[in-house]
Every structure is written in C-alpha cells, then in structure tokens.
Amino acid sequence: MSQPASIDSNPEEFMPVSQAAGLSLAEPRDYFALMKPRVMSLVVFTAWAGLVCAPDVMPMWKAIASIICIAAGAGASGALNMWYDADIDAEMSRTKKRPLPQGKMRPRNALGFGIIISAASVWMLYVASNWVAAALLAFTIFFYLVIYTMWLKRSTPQNIVIGGAAGAFPPMIGYAAVTGSITVDSVVLFLITFMWTPPHFWALALYKTGDYGRVGIPMMPNVAGAKSTRLQMFIYSLVLFVVCLVPLYTGLGGPLYAVAAIGLNLGFVALAFKVWKSRAGERAEASDEASLYDVQKGDRAARNLFAYSIIYLFAIFGVLAAEGLLRGFV
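One point on numbering: in my numbering, the residue at position 170 of the sequence shown is 325, and numbering is uninterrupted.
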C-alpha cells in the first residue's frame, strides 16, 4: 500500500517543477479548498441546528462566534486529512484536483495551516462558549485525523462506520456550546448523523469501487463485496428510521418533525431498498451487455441514494431547528 504524504515526502512525486523548485503557487482559494467547504457546509448546518435545539438561549454574538469556530475546526480537520492523504488523493478521480495533488502547495504548508487553525478554533470556542464544547471540538479534530484518517481508513472496512463519529459530533458541539453539557437529546442528534453515515458513504463507494480499489482503501464493497454492502446499507437505513423517531419521545421533536421524519425516512428506506435489490457495484462481475446494463442501473440507484441522503440530512436537522426556533417564541 502506498505511504501517506508527510513533511519529509518528496514533493516532486505530485508537484510541478516550479513548485518542487520552491515556488509557491498557492492562492487563498487553495487554502479554502483544503478545508473541504462542501463538507464544512453540512457541519456548520448541523452544528447550528444543535445550537438552536438546545433548551437555553445564547447571546447572538456568542452563537455566531461558536459556529465560526466549529466551522474552522471542521475545515482544519479537512486540511489535515488532505495533508495525510495526498498520496492517495493524487490517484483517485474525485480527489485528484485537490490543492496538494495539483501541486499548488507543499505538504508542510497544509500541515502547518491545519495545526494553526485547529488550535485557534478550539481556543476561541472555549472563549466564546465553554470548555465542554471546546473539548468536544478538540476531540473531533483528533478523532478525524488520528483515529479515522491515519488508522481506520487504510486498515478496516469499518472505517466509515467508526470514523463516522467525527462527522456526527458537530450538532453535539453546538448543543454543548449553549448548555455546557452532554444530554440525551444531544446524543440523539449525534446518533442520527452516525447512523446516516454508512449508507451515505457506501452509496458513493458502490459506484466508485475502482477508485478505492486502485489505492488500496478497504471500503466495504471492495472487501465484503457489493451484495453484502447493499444489504448492510438497507439495514442501516432501517436503524436510522428508528433513531429518527427517538426525538418524538424525548420532546426534541414535535408534530412538524414527526411528519417530516416519517416522510423523509420512508423515502430513504425506499431508495436503500432499490439499491439492495440492484446490482450496484458489480461492474467487475458483469459478463454481457444485459448484466452490464443491470449494474449501470444499480449504480444509478446508488447515486440517487447518495444525492438524496445529503438533502435528507439537511431536511431532518432543518426541521428540528425550525421547531427549536418556534419553541423560543412560545
């Protein structure tokens, strides 16, 4: 398996001559790209939802500062992830245009940027809110870099299952920024994202199996096979449905959430069922045009689930946040 990039790596492996000679091609937008802005948008939204769902009220300036700090922490995690994964990013179609594979900056620059933003975001969140939220943010950054990126991602097909915790912490951090504590409701917010993560990422892995296989990443379809992965995705979608009903019993969700959660989850389960019954991810096993057509049809089903899952998470947390705001006016 290829080795991760480090500050001592030979930059000429994925840098143009000008960069290898010491010329910096990085622009502000390249550093912004390091922070994975699309992923950050989901982090910011779920963190804001967690903040709004909290039973207490936070001064506006502290709330805005807290969300900015959480966003910065998430972005720093992305930068550190890109630093470590620069070698495999250069070989994968969906990541080869990132700043490091494109040779727009040295790995040491990405590492330094990630470390500085990580430290600043944790410290400023402590100043803006409390030590519980700051500690959760620090642990999230550590978990994403060390537990997921450095350990799980390259060693086990459970990488997404366990590593998904890193992406599930933001609503809990937002909630803790207001309350200074971890409660049943904040854990439920964590579990919604945690259970959503495997079917979301495995849907992507099903139609990107070749990418992951090329760089030796043991994603579930590459290790357990597409058929087993599709079944696990369907099971996770059912568990997610159950977890999404818990807010109705804790009081976190009300009538509006009940309607939205049931409708959204029925759609999620239906799409996951289509993927389960399809031949998504079996391109290598297709023996004729008919079977290849079935695989392509299955891959489309996986793409549809992946796209829907993003809308789904925004909608679930959006409705929870809306009810939280409505409770504030009652």
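Glycine residues also receive a C-beta, built at the ideal position from the N, C-alpha and C atoms.
Item: Go ahead and pull the three-state DSSP assignment for Lys-382.; Value: helix
Item: Using beta-carbon positions only, say whether Met-195 and Ala-229 come within less than 7 Å of one another.; Value: yes
Item: Does the ligand SAM have a heavy atom nearer than 6 Å to the CB of Met-237?; Value: Looking at this structure, you won't find the ligand SAM or any other ligand, since it has none at all.
Item: If we count the other Cβ atoms within 10 Å of its Cβ and call it buried at 16 or more, is Ala-462 buried or exposed?; Value: exposed
Item: Which whole-angstrom value describes the C-beta separation of Ile-302 and Ser-232, a residue pair presumed to lie in contact below a C-beta threshold of 8 Å?; Value: The pair is not a contact, with the Cβ atoms about 11 Å apart (cut-off 8 Å).
Item: Between Ala-332 and Ser-284, which are expected to be in contact by the criterion C-beta below 8 Å, what is the C-beta distance as a whole number of angstroms?; Value: 4 Å
Item: List the endpoints of the continuous alpha helix (DSSP H) containing Phe-345.; Value: 339–362
Item: Gly-269: buried (16+ other C-beta within 10 angstroms of its C-beta) or exposed?; Value: buried
Item: Among residues of its own chain, excluding the 5 on either side of Ala-320, which ones have a beta-carbon nearer than 7 Å to its beta-carbon?; Value: Phe-298, Phe-349
Item: Confirm, please, whether the CB-CB distance from Leu-475 to Gly-144 is below 7 Å.; Value: Summary: the structure shown does not reach residue 144, with the chain confined to residues 156 through 485, and so no result is reported for it.
Item: Less than 7 Å between C-beta atoms, sequence neighbours within five positions excluded: which residues of the same chain meet that for Leu-480?; Value: Val-207
Item: Less than 7 Å between the C-beta atoms of Asp-185 and Pro-254, yes or no?; Value: yes
Item: So, are the CB atoms of Ala-381 and Gly-322 less than 7 Å apart?; Value: no
Item: With H, G and I counted as helix, E and B as strand and the rest as coil, what does DSSP make of Pro-410?; Value: helix
Item: Along the chain, which unbroken stretches of the beta strand (DSSP E) at least 3 residues long are found entirely within the segment 403–477?; Value: none
Item: In this structure, how does DSSP classify Ile-372 when only helix, strand and coil are distinguished?; Value: coil
Item: For a test of the three-state rule: what should DSSP assign to Leu-189, helix, strand or coil?; Value: helix
Item: For Val-401, which of Ala-188, Asp-340, Pro-256 has the nearest alpha-carbon?; Value: Asp-340
Item: Grouping DSSP H, G and I as helix and E and B as strand, with all else coil, what is Met-279?; Value: helix
Item: Between which two residues does the alpha helix (DSSP H) containing Ala-487 stretch?; Value: Beyond the ends of the chain as shown, which are 156 and 485, falls residue 487; an answer cannot be given.
Item: Taking the alpha carbon of Thr-334 as the reference point, which residue from Ala-204, Pro-183, Ala-209 has its own alpha carbon closest?; Value: Ala-209
Item: Please look up how many angstroms separate the CB atoms of Pro-326 and Phe-345, rounded, as I've assumed it's under 8 Å.; Value: 7 Å
Item: So Met-190 and Ala-241 are in contact, right, with Cβ under 8 Å, and what is the actual spacing, rounded?; Value: Wrong, their Cβ atoms sit about 15 Å apart, outside the cutoff.
Item: Keeping to the same chain, check which residues put their C-beta closer than 7 Å to that of Phe-200; ignore five residues upstream and five downstream.; Value: Phe-469, Phe-472
Item: With a threshold of 7 Å on Cβ separation, who are the neighbours of Ser-458 within its own chain once the five nearest residues in sequence on each side are excluded?; Value: With the sequence shown as reference, residue 458 is identified as Arg, and Ser is not the correct amino acid for it. Contacts found: Tyr-362.
Item: Would you call the segment 272–290 in contact with the segment 214–226, where contact means no fewer than 3 C-beta pairs closer than 8 Å?; Value: yes
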